[in-house]
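Colleague: This is the structure I want to talk about, given as structure tokens.
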Amino acid sequence: MVGFLGEGRLMAPIQFGSRRAAHLFAAGGAVVLSAIVGIVGNFLVNRWQWSLAAAFVCLVAVWVGLELASRTPEANSDFFSEQASSVQSSQSRSVYISTGGDFENRGVVAGGDVDMSDRSVRIGTGGIAVAAVIAVLAAGGTIGVAKGSGLDEPRTPKAVHTQFIVRATAPAGVSPQDAIERAVQILRARAQAAGIAAEIMRMDGETIMIDIAGEVTEGPVRQLIATGSIQFRKILGVIHSAEGTSPPAVDHNNVANVSTVRSKVGAEAWAIAENLEGPLDPAAADADALEPFGRLTGAEVAVLDPTMQFNVPTITCAQLSSRPANLVHDPSRRVVACEFGVAKTLLDVAKVLSTDVKSARGERDQSHGVWVVSLDFTDSGQGKWTNLTWEAFNNEGQECDASALGDEGRCRVAILSDHEIVSSPQIQGVLTGTSQITGSFGESEAKLLAGQINLGVLPIGLRIDAFPVVRK
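Mapping of the sequence shown onto the numbering used here: residues 2 to 473, in sequence order.
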């Protein structure tokens with residue numbers, strides 16, 4: 002066979018026995034080139050989505066280019082008829098005819114006519130080159146659009162934040178505006194001391210927003226917004242709190258007092274509660290009559306005598322924890338508080354206060370590898386602390402009942418923050434120097450408690466209204 006080219010260049014066409022074979026060749030070439038474009042595109046753009054888009058464009062472009070480069074004899078019969086008239090050949094001689102284009106077809110010249118009975122398909126290398134150029138331009142344009150528009154930059158996912166909306170309750174005689182500003186300053190200092198990455202700002206009215214990265218439970222924030230009034234009280238008795246639902250919302254327009262609470266629970270329930278000499282067994286016959294106490298708000302529970310709060314089984318830890326902090330601060334009165342959310346605890350009067358502490362440090366106990374809060378007392382505070390530990394160690398007057406004793410038979414001392422017990426260690430000796438508060442502390446909890454003691458009391462009570470999780 003002899004090959005001719007219109008401009009004198011030798012062309013090496015690719016011949017296929019059928020159009021199906023040409024289709025398969027076009028598809029295979031498209032896949033190979035698109036894979037190459039995808040790999041190169043991923044290196045250039047650094048985002049697999051755009052690399053995939055470029056590869057797909059390349060796939061389509063190569064397919065179309067190769068299909069255009071392939072011709073059947075029927076599609077080009079006029080062309081061959083026109084060219085055959087200028088060729089002189091014998092009937093047995095096969096001739097390739099080309100005008101320098103990207104295709105060739107085979108004809109058997111006989112008497113000036115071209116035999117178009119051959120159904121084979123040929124693709125010229127020029128057509129393949131054109132298809133490759135089209136593919137590269139299309140893929141390059143796709144990648145160029147991605148880079149030029151900035152779409153190749155990986156998008157940073159929105160960060161999850163928890164926003165705590167905190168409402169202030171100013172005590173009588175305190176300016177809410179000044180108190181809130183001071184509270185925001187103290188909260189920021191506490192968060193910094195505890196290593197808590199929080200954005201704290203004042204909002205409209207008497208609300209403060211505390212924005213913390215991540216999904217955060219309310220426990221650490223409850224400790225953060227505690228007034229900081231740390232009290233050391235001997236534990237007198239412990240009972241298990243009944244499970245209760247969340248207490249009713251507080252009506253801030255109505256101030257609770259003993260008279261209104263007595264009317265709300267009814268004369269019968271009030272009389273039973275008033276005559277109790279100790280905690281009533283929830284299975285006792287009179288327990289059902291005390292059910293109205295379970296419907297009281299935290300503010301209403303706070304005006305009851307501490308002994309009644311402890312003895313009535315239908316008053317739950319959920320209600321006790323919702324009491325306004327400023328209503329349970331009186332160190333000269335016994336109080337009821339909860340530990341672990343279920344242990345209702347009767348506490349003696351406070352004999353050591355945070356003002357008796359000279360400094361506090363959240364640090365790791367090197368001998369046990371746990372986080373503790375180390376306390377150094379003032380001169381007068383050290384004497385008070387020594388006396389309290391002597392009382393607890395010896396259970397003076399047998400005030401601590403069996404439920405309040407530790408595993409070595411010694412009284413425990415509760416460290417009270419607002420109305421929450423943060424620790425209740427058993428006193429194992431009379432302490433005359435630096436002491437440690439132990440508990441289930443992590444680093445941030447220990448440092449936060451130390452910060453509460455060092456930075457002073459908030460001038461205003463705070464409570465959590467809501468804490469939605471947001472993305473920003």
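Backbone N, C-alpha and C define an ideal beta-carbon position, used for all residues, glycine too.
1. So leucine 347 packs on leucine 237, CB below 8 angstroms; how close in whole Å?
2. Just reading off the beta strand (DSSP E) that serine 360 is part of, what are its end residues?
3. Would you say the region 308-326 touches the region 188-195, given that touching needs at least three Cβ pairs under 8 angstroms?
4. Per the contact definition of three or more C-beta pairs closer than 8 angstroms, is the region 404-424 in contact with the region 321-340?
5. Identify whether aspartate 205 lies in helix, strand or coil by the three-state DSSP scheme.
6. Beta-carbon within less than 8 angstroms of glutamine 437's beta-carbon, same chain only, minus the 5 sequence neighbours each way: which residues are those?
7. So what does DSSP say about threonine 170, is it helix, strand or coil?
8. Suppose the cutoff is 7 angstroms on Cβ atoms and the five residues either side in sequence are ignored; what does the same chain contact list for threonine 433 look like?
9. Between glutamate 446 and isoleucine 213, what straight-line distance do the alpha-carbon atoms span, to the nearest angstrom?
10. Ends of the alpha helix (DSSP H) at cysteine 339?
11. Establish whether the CB of glutamate 216 and some CB of chain D are separated by less than 8 angstroms.
12. Give me the residue from Leu188, Thr228, Gln429 and Leu406 with the minimum Cα distance to glutamate 200.
13. Would you list, in sequence order, the uninterrupted beta strand (DSSP E) runs of no fewer than 3 residues that lie entirely inside the region 340-421?
14. Return the CA-CA distance between glutamate 182 and isoleucine 211, expressed in angstroms with no decimal places.
15. Taking all protein chains shown into account, decide if alanine 403 is buried (16 or more other Cβ within 10 angstroms of its Cβ) or exposed.
16. Helix, strand or coil for alanine 85? Go by DSSP, reduced to three states.
17. Whole angstroms is fine: what's the gap from cysteine 401's alpha carbon to serine 424's?
18. Using DSSP's beta-bridge definition, name the partner residues of leucine 463.
19. Tell me the residue span of the beta strand (DSSP E) that contains isoleucine 226.
20. When we look at the beta-carbon of valine 313 and count the other beta-carbons within 10 Å, is it buried (16 or more) or exposed?
21. Looking only at its chain, what residues have a beta carbon closer than 8 angstroms to the beta carbon of threonine 208, apart from the 5 residues adjacent to it on each side?
22. In this structure, how does DSSP classify glycine 452 when only helix, strand and coil are distinguished?
23. Got a sec, what are the start and stop residues for the alpha helix (DSSP H) glutamine 186 sits in?
24. Entirely within the region 289-317 and at least 4 residues each: give me those alpha helix (DSSP H) ranges in chain order.
25. On the DSSP bridge assignment, give the partners of valine 239 in chain order.
26. Please identify the residue among Gly279, Arg223, Ala303 and Pro221 whose C-alpha is closest to the C-alpha of alanine 257.
27. Figure out for me which residue from Ser230, Ala361, Val222 and Asp179 has the closest Cα to the Cα of aspartate 331.
28. For glycine 299 and valine 222, I'd like the C-alpha separation in whole angstroms.
29. Which of helix, strand or coil does DSSP assign to aspartate 515?
30. From this set, Gln164, Thr163, His162 and Val185, which residue's C-alpha is nearest leucine 463's C-alpha?
31. Please tell me whether lysine 345 and phenylalanine 394 are closer than 8 angstroms, where the distance is taken between their beta carbons.
32. Roughly how many whole angstroms lie between the Cα atoms of alanine 351 and lysine 385?
33. According to the neighbour-count rule (16 or more other Cβ atoms, all chains shown, within 10 Å of its Cβ), is arginine 94 buried or exposed?
34. Shortest alpha-carbon distance to glutamate 244 belongs to which of Thr228, Glu292, Ala270 and Ile197?
35. State the Cα-Cα distance for the pair glycine 370 and glycine 440, rounded to the nearest angstrom.
36. Per DSSP, serine 424 is paired with what?
Modeller: So, from the data block:
1. Within the sequence shown, residue 347 is the residue found at index 346, counting from 1. Within the sequence shown, residue 237 is the residue found at index 236, counting from 1. Their Cβ separation, rounded to whole angstroms, is 5 angstroms, which keeps leucine 347 and leucine 237 in contact under 8 angstroms.
2. As a working mapping, residue 360 is identified with position 359 in the sequence shown. Segment 358-366, the beta strand (DSSP E) holding serine 360.
3. no
4. yes
5. As a working mapping, residue 205 is identified with position 204 in the sequence shown. Correct three-state label for aspartate 205: coil.
6. Sequence index remark: in the sequence shown, residue 437 carries index 436 (1-based). Correct list, in chain order: Asp366, Val373, Val374, Ser375 and Leu376.
7. Working through the sequence shown from its first residue, we reach residue 170 at position 169. Three-state DSSP puts threonine 170 in a strand.
8. Locating residue 433 in the sequence shown gives position 432, counting from the first residue. These residues qualify, in order along the chain: Thr387.
9. The residue labelled residue 446 in the question sits at position 445 within the sequence shown. The residue labelled residue 213 in the question sits at position 212 within the sequence shown. Taking the straight line joining both Cα atoms gives about 15 angstroms.
10. The sequence position of residue 339 within the sequence shown is 338, counting from 1. From DSSP, cysteine 339 is part of no alpha helix (DSSP H) but of the beta strand (DSSP E) over 336-340.
11. The structure shown contains no chain D; it is built from a single protein chain.
12. Counting from one through the sequence shown, the residue named residue 200 turns up at place 199. Ranking the options by Cα distance to glutamate 200, first place goes to Leu188.
13. 344-354, 358-366, 371-378 and 414-418
14. On the sequence shown, position 181 is the one that residue 182 refers to. On the sequence shown, position 210 is the one that residue 211 refers to. Cα to Cα, glutamate 182 sits roughly 14 angstroms from isoleucine 211.
15. Locating residue 403 in the sequence shown gives position 402, counting from the first residue. Alanine 403 is exposed by the Cβ-count criterion.
16. As a working mapping, residue 85 is identified with position 84 in the sequence shown. Because alanine 85 sits at a pLDDT of 43, beneath the cut-off of 50, its placement in the model cannot be relied upon, and the following sentence gives the value as read from the coordinates. Here alanine 85 sits in helix by DSSP.
17. Residue 401 sits at position 400 when you count from the first residue of the sequence shown. Residue 424 sits at position 423 when you count from the first residue of the sequence shown. For cysteine 401 and serine 424, the distance between alpha carbons rounds to 17 angstroms.
18. Counting from one through the sequence shown, the residue named residue 463 turns up at place 462. DSSP lists Ala169 as partners of leucine 463.
19. Counting from one through the sequence shown, the residue named residue 226 turns up at place 225. First-last for isoleucine 226: undefined, no H or E at that position.
20. Translated into the one-based positions of the sequence shown, residue 313 becomes position 312. Classification of valine 313: buried, given that the 10 Å Cβ count is 16 or more.
21. Reading the sequence shown from its first residue, position 207 is the one you call residue 208. Closer than 8 angstroms at the Cβ level, and outside the excluded window around threonine 208, lie Ile166, Val167, Arg168, Ala169 and Asp466.
22. Numbered from its first residue, the sequence shown carries residue 452 at position 451. Glycine 452 falls in the helix class under three-state DSSP.
23. Numbered from 1 along the sequence shown, position 185 holds the residue referred to as residue 186. Taken as a continuous stretch (DSSP letters only), the alpha helix (DSSP H) holding glutamine 186 covers 177-195.
24. 299-303 and 307-312
25. Taking the first residue of the sequence shown as position 1, residue 239 is located at position 238. In the DSSP output, where bridge partners are listed per residue, valine 239 has Thr346.
26. Walking along the sequence shown from the start, residue 257 turns up at place 256. Ranking the options by Cα distance to alanine 257, first place goes to Ala303.
27. For the purposes of this step, residue 331 is taken as the residue at position 330 of the sequence shown. Looking at the Cα atoms, Ser230 is the closest of the given residues.
28. Locating residue 299 in the sequence shown gives position 298, counting from the first residue. Locating residue 222 in the sequence shown gives position 221, counting from the first residue. Distance between the alpha carbons of glycine 299 and valine 222: 19 angstroms.
29. Absent from the model: residue 515. The displayed extent of the chain is 2 to 473, so no value can be given.
30. To locate residue 463, count along the sequence shown from 1; it is residue 462. The shortest Cα separation from leucine 463 among Gln164, Thr163, His162 and Val185 belongs to Val185.
31. As a position in the sequence shown, residue 345 is number 344, starting the count at 1. As a position in the sequence shown, residue 394 is number 393, starting the count at 1. Not a contact, by the Cβ cut-off of 8 angstroms.
32. Position 350 of the sequence shown, counted from the start, is the residue given in the question as residue 351. Position 384 of the sequence shown, counted from the start, is the residue given in the question as residue 385. Roughly 10 angstroms separates the two Cα atoms.
33. Within the sequence shown, numbered from 1, the residue matching residue 94 stands at position 93. Caution is warranted here: a pLDDT of 39 is assigned to arginine 94, below 50, making its placement in the model unreliable, and the coordinate value is therefore given only provisionally. It counts as exposed.
34. The residue labelled residue 244 in the question sits at position 243 within the sequence shown. Ranking the options by Cα distance to glutamate 244, first place goes to Glu292.
35. On the sequence shown, residue 370 is found 369 positions in, with the first residue counted as 1. On the sequence shown, residue 440 is found 439 positions in, with the first residue counted as 1. Answer to the nearest angstrom: the Cα atoms are 13 angstroms apart.
36. Position 423 of the sequence shown, counting from 1, holds the residue named residue 424. Ile416, per the DSSP bridge assignment.
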